[in-house]
Structure formats: C-alpha cells, structure tokens
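K.L.:
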Amino acid sequence: MSRRTTATAFALATVLLLTGGGCSSDGPAPSPVGPPATKGEAPAPTGGSPFWVDPESDAAKQVRQYEAQGRTDDARVLKRISEQPVADWPAGDDPVPEILRAVRGATAENRTAVFVAYNIPHRDCGMYSAGGAPDGQAYREWVDAFASAIGDASAVVVLEPDAVPHMVDGCTPGQYHEERSRLLTEAIERLKRQPRTRVYLDAGNPAWIDDPGKLVEPLRRAGISRADGFSLNVSNFQTNAAVRDFGATLSGLLGGMHFTIDTSRNGAGPLPGDRADAWCNPPGRSLGVPPTDRTGDALVDAYLWIKRPGDSDGQCRGGPAAGTWWPDYALGLARRAES
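What follows is the structure, encoded as structure tokens:
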C-alpha cells in the first residue's frame, strides 16, 4: 500500500501501513504512535514490546549498507527504525511466503507478528496505491491463504486501511459498497478462526472523517462487532492526543470497542497549515512513540508502527512510488526523533 491513510484524498496507504488516503487534498492518503506527539504530552510508558522485529527489513539492510560505507552516524540514527517492530504488508499476488517468514521468525522469539491486509477490490480509489484483488472471489481466496499462513502463531492484523473511510467520504463509488462491506465481514470472520490472531478494522483518522458518528454504521455493516477493535491514524501524522480523543468517542458509539494507533510518523504531528497533499511525504516529520502494548490507556490496545517509516507515500515531493523504501526520508524521520 502506500499506507498513507491521511486526509480525505493514503487514501494512504500504498500500503501504508502500515500504512491511511482520499479523494481530496485534505484527506488521508489512499492506499497503509516516539517522543511525545505534541509538546508537553507525556510519552507512552516504556518497558519493551511484544512485537517481532524483522532483521531483514529495508531499514535493517540500510543500516548494514551505511556501516559498510563508513557512515556510522547515519547507521546509528537509522537503528531507531531498524530495531523497532514494524508491520508487514504481504503481497497482493501471494501473501503466503512473506507471512510464513514472519510468523516463523516471531514464533522462534516468542513474539507477535504484525500484519496489514491490504488487497480489497477497487483499492485506494485508483490513486497512488490503486490495485487490489480483481474481484470478490479472488479476495476471499487471498484472505483464506493469508489466514491459513498465520496458523496458530500470535498475530495482529490491521484490516484494509482506508476501505471503510473511503465508503464514508464517497471516494469509493456506491455500487461497490455492499460487496465491500460483505467482504470485510467475511475477512474478519476468516481471520478470527485463527486461535491467536487479533483483528483491527481500519477507521481512518480524525483529520479525514472528522465526525466519528459517520463511521459507526459503515463499520457495523463491515463486521466490526466480530473484530477485536478498530485501527486509527494508519500512515498518517495526527497527534496521539487528537487520535485518542477521536478513538474514545468512536469507541463509545460502538459499545466500548478498543483500538490501536499508528504512531510510526506522528512524533511532530501533522504538517502545519491547510496544505495540499499534507499526507504525502510531508517534510519535517518525526518518528512517534515506539510500538508497545503498554499504552497506559484502557481503550488503546497498542501503539503500532503500521506505516513502515521510510516507505514513500507516493510520487509527491520527490518521492518514489508508493510503498518504495526511501532512505533519505527514513533518515530524516529518525534524526528528528532524536532532537
């Protein structure tokens, strides 16, 4: 995905990602929570993370390359990404090899693998992360393979960044809504057949769908009651405080459901001002709270790095294609997180 999900335009995405998008310049990126996200905001409690760190991530490979080139300072800074658990976005053609690799690595270390399922038909409204399964049956088969590959491993799955918000903002044409809701419901049910898999259905971010009430019925139609909760801020940059307030309101409307927050790039908050494409590779951003399930908040199950820090949101501001590793951007996120 590009995993951007960010204003009503990540629709972010990709993903995105990790990753969240939309149809307008003020929406999330079409597609897929560090230091305090705003000055004076208390950081999340520390104490480690139960999530798996991929030793072969793009960031880890980049660190090794920097070390071989003698760029020791850059390598040290980039370890702020490479040594943290980041969500895996399995491929849309065949997710099995990547999932098997991740669950084997995680199981060997008694950790939990974090995945993003990002392959819904008509994905990302034809924007940077356009694509997805060719039809509903292909998507069902993909989800079945995805779930089967997880097996009995401990896993968290963030399901389809942008898919529900894009129905709310009108970016996804109405003729696709009924099928999409049905496919999401079926995907939740299939993934939850795995005994140690938790599923969080994506619900965008507060800068995209500003009224949580607009999400309630679409989430219900998409089977949210069968999931473990919903995910917020995927691939976006909204502050922890803003996302938490939004999430708490939505939770109340959904009977107290829990949620996760993508903190991968929100350490400096969103790009200031009402600027076009604020979701897409915005300058001056920073890593956010490192991934943890010790959030100190009864409603927030985890801060996760869903968007892979350093993956491009799309071909904007000099970036490569959505989802492509961009080492210079990654280094900037990591270096600003130090200050």
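When you line the sequence shown up against mature numbering (1 follows the signal peptide of the UniProt record, and there is no 0), it's residues -24 to -1, 1 to 315, in that order. For every residue, glycine included, the Cβ atom is placed at its ideal position computed from N, Cα and C.
Counting C-beta neighbours from all protein chains within 10 Å, is the total for P141 16 or more, i.e. buried, or is it exposed?
P.N.:
By one-based count along the sequence shown, residue 141 stands at place 165. By the 10 Å Cβ count, P141 comes out buried.
K.L.:
Starting from D221, trace the alpha helix (DSSP H) in both directions and tell me its first and last residue.
P.N.:
Here residue 221 refers to the residue found at position 245 when the sequence shown is read from its first residue. Residues N216 to L229.
K.L.:
Take every Cβ of the stretch 168 to 183, pair it with every Cβ of the stretch 193 to 211, and state whether three or more of those distances are shorter than 8 Å.
P.N.:
yes
K.L.:
Using the Cα positions of V9 and L229, report the straight-line distance between them to the nearest angstrom.
P.N.:
Here residue 9 refers to the residue found at position 33 of the sequence shown. Here residue 229 refers to the residue found at position 253 of the sequence shown. Because the pLDDT of V9 is 26, which lies under 50, any placement of that residue in the model is unreliable, and the number read from its coordinates should be weighed accordingly. V9 and L229: Cα-Cα distance of roughly 23 Å.
K.L.:
On the DSSP letters alone, give me the boundaries of the beta strand (DSSP E) that V210 sits inside.
P.N.:
What you label residue 210 is simply residue 234 of the sequence shown in a count that begins at 1. Premise fails: V210 is in no beta strand (DSSP E) and is neither H nor E.
K.L.:
Mapping the DSSP letters down to three states, classify T48 as helix, strand or coil.
P.N.:
Here residue 48 is taken as the residue at index 72 of the sequence shown, counted from 1. T48 falls in the helix class under three-state DSSP.
K.L.:
Rounded to the nearest angstrom, what separates A313 and G264 at their Cα positions?
P.N.:
Counting from 1 along the sequence shown, the entry for residue 313 is found at position 337. Counting from 1 along the sequence shown, the entry for residue 264 is found at position 288. So the two alpha carbons sit approximately 7 Å from each other.
K.L.:
Do R87 and P31 have their beta-carbon atoms positioned less than 8 Å apart in this structure?
P.N.:
Position 55 of the sequence shown, counting from 1, holds the residue named residue 31. Position 111 of the sequence shown, counting from 1, holds the residue named residue 87. Cβ distance not < 8 Å, so P31 and R87 don't count as in contact.
K.L.:
Contact between the stretch 74 to 85 and the stretch 288 to 303 is defined here as three or more beta-carbon pairs at a separation below 8 Å; is this criterion met?
P.N.:
no
K.L.:
Grouping DSSP H, G and I as helix and E and B as strand, with all else coil, what is A18?
P.N.:
Start at 1 with the first residue of the sequence shown, and residue 18 comes out as number 42. With a pLDDT of 35 at A18, under the threshold of 50, the modelled position of this residue cannot be trusted; read the value that follows with caution. Of the three classes helix, strand and coil, the one that applies to A18 here is coil, per DSSP.
K.L.:
Just to confirm, are V90 and V53 a CB contact at a threshold of 8 Å?
P.N.:
In the sequence shown, residue 90 corresponds to position 114, counting from 1. In the sequence shown, residue 53 corresponds to position 77, counting from 1. No, the Cβ-Cβ distance between V90 and V53 is not below 8 Å.
K.L.:
With DSSP as the reference, label C(-2) as helix, strand or coil.
P.N.:
Numbered from 1 along the sequence shown, position 23 holds the residue referred to as residue -2. Any reading at C(-2) needs caution, since the residue's pLDDT is 33, under 50, leaving its predicted position unreliable; the model's value is listed next. Correct three-state label for C(-2): coil.
K.L.:
Just to confirm the assignment, what range does the beta strand (DSSP E) spanning R174 have?
P.N.:
Indexing the sequence shown from 1 puts residue 174 at position 198. It spans T173 to D178 - the beta strand (DSSP E) in which R174 sits, taken as one unbroken run.
K.L.:
Based on the DSSP secondary-structure assignment, which residues constitute the bridge partners of N242?
P.N.:
Residue 242 sits at position 266 when you count from the first residue of the sequence shown. In the DSSP output, where bridge partners are listed per residue, N242 has S262.
K.L.:
Can you give me the C-alpha to C-alpha distance between S105 and N216, rounded to a whole angstrom?
P.N.:
Within the sequence shown, numbered from 1, the residue matching residue 105 stands at position 129. Within the sequence shown, numbered from 1, the residue matching residue 216 stands at position 240. When rounded, the distance between both Cα atoms is 25 Å.
K.L.:
Could you tell me if Q214 is buried or exposed, where buried requires 16 or more neighbouring beta carbons within 10 angstroms of its beta carbon?
P.N.:
Residue mapping note: residue 214 aligns to position 238 of the sequence shown, counting from 1. Buried, by the Cβ-count rule.
K.L.:
Extract the residue ranges of the alpha helix (DSSP H) inside the stretch 39 to 110, only unbroken runs of 4 or more that lie entirely within it.
P.N.:
Segments of the alpha helix (DSSP H) lying fully in the stretch 39 to 110: 48 to 58 and 72 to 84.
K.L.:
How would you label G150, buried or exposed, when you count the other beta carbons within 10 angstroms and need 16 or more for buried?
P.N.:
In the sequence shown, the residue the question calls residue 150 occupies position 174. Exposed.
K.L.:
Return helix, strand or coil for A144, following the three-state DSSP convention.
P.N.:
The residue given as residue 144 occupies position 168 in the sequence shown. A quick correction: the sequence has Val, not Ala, at residue 144. Residue state, collapsed to three classes: helix.
K.L.:
In whole angstroms, give me the CA-to-CA distance for G308 and A109.
P.N.:
As a working note, residue 308 is residue 332 in the sequence shown. As a working note, residue 109 is residue 133 in the sequence shown. For G308 and A109, the distance between alpha carbons rounds to 34 Å.
K.L.:
Are L135 and Y176 closer than 8 Å when you measure CB to CB?
P.N.:
Position 159 of the sequence shown, counted from the start, is the residue given in the question as residue 135. Position 200 of the sequence shown, counted from the start, is the residue given in the question as residue 176. The Cβ-Cβ distance between L135 and Y176 falls below 8 Å.
K.L.:
Among R156, A121 and I57, which has the Cα closest to the Cα of residue 338?
P.N.:
No statement about residue 338 is possible, as the shown extent of the chain runs from -24 to 315 and does not include it.
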